[in-house]
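**Q** Going left to right, the sequence shown walks through residues 2 to 83 as our numbering numbers them. For every residue, glycine included, the Cβ atom is placed at its ideal position computed from N, Cα and C. One structure is given below, represented as structure tokens, and several questions about it will come after.
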Amino acid sequence: FGDAYLSYNDQLKLMEMNDNHVEYHTVGEFLEFCVNGPTKKAGEWKSTFPGKYLEGGKKAGGQLVDQRLLPRISEGEVRMLM
């Protein structure tokens, strides 16, 4: 963990937790989607969620949680903040 840095052109494999579909995007496309939603710069997304997870920054409550993918996620998930 933390042994490498990604560039904007590196590819990511992303899984949507709402329906478990997989998409491939660059780091740059992913960041654009997280801030501004499915714009032309973000590329083509199959996700039904509008993105904008980081819209308005920290002050507006925008955040992402980096967590490992659980192989049994399709069986269900419970999320708690403690």
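Report buried or exposed for ALA61, applying the criterion of at least 16 other Cβ atoms within 10 angstroms of its Cβ.
**A** Here residue 61 corresponds to residue number 60 of the sequence shown, with the count starting at 1. By the 10 Å Cβ count, ALA61 comes out exposed.
**Q** Please report the distance separating the alpha-carbon of GLY44 from that of TYR54.
**A** As a first step, residue 44 must be located in the sequence shown, where it is residue number 43. As a first step, residue 54 must be located in the sequence shown, where it is residue number 53. C-alpha separation (whole angstroms): 16 Å.
**Q** From what residue to what residue does the beta strand (DSSP E) around GLU87 run?
**A** Here the chain has residues from 2 to 83 only, and residue 87 is not among them.
**Q** Assign GLU76 to one of two classes, buried (16 or more other C-beta atoms within 10 Å of its C-beta) or exposed (fewer than that).
**A** As a working mapping, residue 76 is identified with position 75 in the sequence shown. Exposed, because fewer than 16 other Cβ atoms sit within 10 Å of the Cβ of GLU76.
**Q** Would the beta-carbon of VAL28 fall within 8 Å of that of LEU15?
**A** To locate residue 28, count along the sequence shown from 1; it is residue 27. To locate residue 15, count along the sequence shown from 1; it is residue 14. Not a contact, by the Cβ cut-off of 8 Å.
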